[in-house]
Amino acid sequence: MLLQHMQLGTQPQKLTKNTTLLQNNKCIVKTAAGTLTLPILVDGNPSGHLFIGKGEFTLDAIIETPQGAIGRPITRDLNQPFLMLGENTTVTQNLAPATIQGLTNNGYKSTEEFLKKAHETLDQFAHRRHGRFDMESDAHIFAFATEHDRWDILVAKQDKLVYTSKNRVYVSRDNGESVSLGPAQILVAKKGKTVVTDKGNILVDRDTP
Amino acid sequence: MSEENSLKEEMKRLKEEMTALKQQLQNMTNQRTQKRRGIYIDVNDRLAGVSDYINEVMEGVTEGIRGELEKSIFITPHTREIKIYHRGREEHEPPEEVEKPDLNKAANMMSALGQEHRLKILSELMTGGKYISDLQNALPEITASTLSSHLDVLQEAGLVVQERVRGRYLITIPGRMAYKMSNMIAKQRDRHTDTDTETESSQP
Numbered sequence: 001m002l003l004q005h006m007q008l009g010t011q012p013q014k015l016t017k018n019t020t021l022l023q024n025n026k027c028i029v030k031t032a033a034g035t036l037t038l039p040i041l042v043d044g045n046p047s048g049h050l051f052i053g054k055g056e057f058t059l060d061a062i063i064e065t066p067q068g069a070i071g072r073p074i075t076r077d078l079n080q081p082f083l084m085l086g087e088n089t090t091v092t093q094n095l096a097p098a099t100i101q102g103l104t105n106n107g108y109k110s111t112e113e114f115l116k117k118a119h120e121t122l123d124q125f126a127h128r129r130h131g132r133f134d135m136e137s138d139a140h141i142f143a144f145a146t147e148h149d150r151w152d153i154l155v156a157k158q159d160k161l162v163y164t165s166k167n168r169v170y171v172s173r174d175n176g177e178s179v180s181l182g183p184a185q186i187l188v189a190k191k192g193k194t195v196v197t198d199k200g201n202i203l204v205d206r207d208t209p
Numbered sequence: 210m211s212e213e214n215s216l217k218e219e220m221k222r223l224k225e226e227m228t229a230l231k232q233q234l235q236n237m238t239n240q241r242t243q244k245r246r247g248i249y250i251d252v253n254d255r256l257a258g259v260s261d262y263i264n265e266v267m268e269g270v271t272e273g274i275r276g277e278l279e280k281s282i283f284i285t286p287h288t289r290e291i292k293i294y295h296r297g298r299e300e301h302e303p304p305e306e307v308e309k310p311d312l313n314k315a316a317n318m319m320s321a322l323g324q325e326h327r328l329k330i331l332s333e334l335m336t337g338g339k340y341i342s343d344l345q346n347a348l349p350e351i352t353a354s355t356l357s358s359h360l361d362v363l364q365e366a367g368l369v370v371q372e373r374v375r376g377r378y379l380i381t382i383p384g385r386m387a388y389k390m391s392n393m394i395a396k397q398r399d400r401h402t403d404t405d406t407e408t409e410s411s412q413p
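The following block contains the structure:
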């Protein structure tokens, strides 16, 4: 699928219930009831959703080492628009057409105003990127808009995930392999070995639990 | 007759000279052997001060080498922590200011440690991440509400971190160090208390 081929549906919808979009051992993405959404179509096929409303994203960017745990949970409110690429049957089950009241509750006076904002969001994300993505059925890509016209990206497949933000990259695999790059710290845990660099110190250890 | 006597005298004198020369040769051989085995300085002669001087010089050289090594790379064997310093930094940049310890933070951490139940919680977490139900089972003497309160204090002090998704509690690197430190202090205290008691009892 080419990113440039992504299009939005024309009928605004809203979530009727609080909905968990993704949950694995390391992260949760939730949206609140009343959040507005539009389907994302690639070559005419439904391939995801664009959400504008309220939600929460939590990532346990913590790595266990024999010397103790390093890192902390990252939690952020999803008040800015965000995209989800990938199948999610729970979302489709919890959708209903958005009413004017539903649009007003999210700060939009009309369907046109909401659609304009939605298209601007997709343009910012897709039209600045040139590439393609091949989605597996159980994989999801999230793109969270931030205040500085940047996007935090989360790619998840079962318990494997990659998260990139302005000053952090976190990679975790289901076999315990992890990489965390922060402003002052780099941590790599792989095959029972851990390497941490933290403000000029280097800690090398084996036998990661 | 007198000639015979004089010859005998001469023979005796030569024998004595020969014995003296042999003794001298033996001494020289001994000295050479000692020199070959190591540095030989006769402390009774005027060179007695050289020994101290050489020792001082050697200490200075050793200190210098150690200093250079520490400036290049410093390895703490127990923590397996390696600190790397850039050797040329002091020539181009002003030296970094020595970081002052945050006593308030240290006091908060020590305060969090100052409770037996909290130390027991840390002890449980030393073996790996635990759910609160695991901790309740392992520490039945602590009520659920107290356990939760203790975990909050430990988290506040940065000794424990909780996973938001799974809810497990994990001991952090400072937490592990703090727990080990508290155990070491307790052991040292016991050792010194025993020594003091023995010293007191041995006095008449």
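Just so you know, the sequences run in chain order A and B.
The letter at position 94 of the first sequence is residue 94 when you use this note's numbering, and the numbering goes up by one with no holes.
Adding 209 to a residue's 1-based position in the second sequence gives its number in this note's numbering.
Glycine is no exception: its CB is placed at the ideal position from the N, C-alpha and C atoms.
The beta carbon of Gln80 (chain A) lies closer than 8 angstroms to those of Phe144, Ala145, Thr146 and Glu147 in the same chain, with the five residues before and after it left out.
In terms of Cβ geometry, Val169 (chain A) and Leu181 (chain A) form a close pair [threshold 8 angstroms]. Restricting attention to A:Arg72, A:Gly48 and A:Asn94, the CA atom closest to the CA of Thr19 (chain A) is found in A:Asn94. Chain order gives the chain A residues near Val370 (chain B) as Ile62, Ala69 and Arg72, where near means a beta carbon separation below 7 angstroms. Listed along chain B, the residues sitting closer than 8 angstroms to Lys26 (chain A) by beta-carbon distance are Val374. Two segments are said to touch when three or more pairs of C-beta atoms, one from each, lie closer than 8 angstroms; by this definition the stretch 326-345 of chain B touches the stretch 372-385 of chain B.
If you look at Ala366 (chain B), you'll find it isn't in any alpha helix (DSSP H); DSSP assigns it neither H nor E. Taking one beta carbon from each stretch, the stretch 83-91 of chain A and the stretch 384-395 of chain B have fewer than 3 pairs nearer than 8 angstroms; the two do not touch.
Excluding five sequence positions before and after Leu154 (chain A), the CB atoms of its chain that fall closer than 6 angstroms to its own CB belong to Phe142 and Tyr163, given in chain order. Fully enclosed alpha helix (DSSP H) runs of no fewer than 4 residues occupy 89-93, 100-105 and 111-126 of the stretch 77-159 of chain A, in order along the chain. When A:Ala189, A:Thr194, A:Asn106 and A:Ala156 are compared, the shortest CA-CA separation from Lys26 (chain A) is found for A:Ala156. Against chain A, the beta carbon of Leu379 (chain B) has neighbours under 7 angstroms at Ile62, Glu64 and Ala69, listed in chain order. Just measuring C-alpha positions, the residue of A:His140, A:Pro183 and A:Asn175 sitting nearest Ala189 (chain A) is A:Asn175.
Taking a Cβ-Cβ cut-off of 7 angstroms, Thr20 (chain A) has no neighbours in chain B, whose nearest Cβ is about 11 angstroms from it. Residue contact with chain B for Thr75 (chain A): present (Cβ-Cβ distance below 8 angstroms to some residue of chain B). Residues of the stretch 95-127 of chain A with a Cβ closer than 7 angstroms to any Cβ of chain B: none. A check of alpha carbon separations from Gln11 (chain A) across A:Ile74, A:Glu112, A:Pro66 and A:Ser172 identifies A:Glu112 as the nearest.
Three or more pairs of CB atoms, one per stretch, sit closer than 8 angstroms, so the stretch 323-332 of chain B contacts the stretch 363-373 of chain B. For Gly323 (chain B), not one C-beta of chain A is nearer than 8 angstroms to its own C-beta. Taking a beta-carbon distance threshold of 8 angstroms, Ile382 (chain B) counts as an interface residue toward chain A. Between Leu187 (chain A) and His119 (chain A), the CB-CB gap reaches or exceeds 8 angstroms. Taking a Cβ-Cβ cut-off of 8 angstroms, the neighbours of Arg385 (chain B) in chain A comprise Gln67 and Gly68, given in sequence order.
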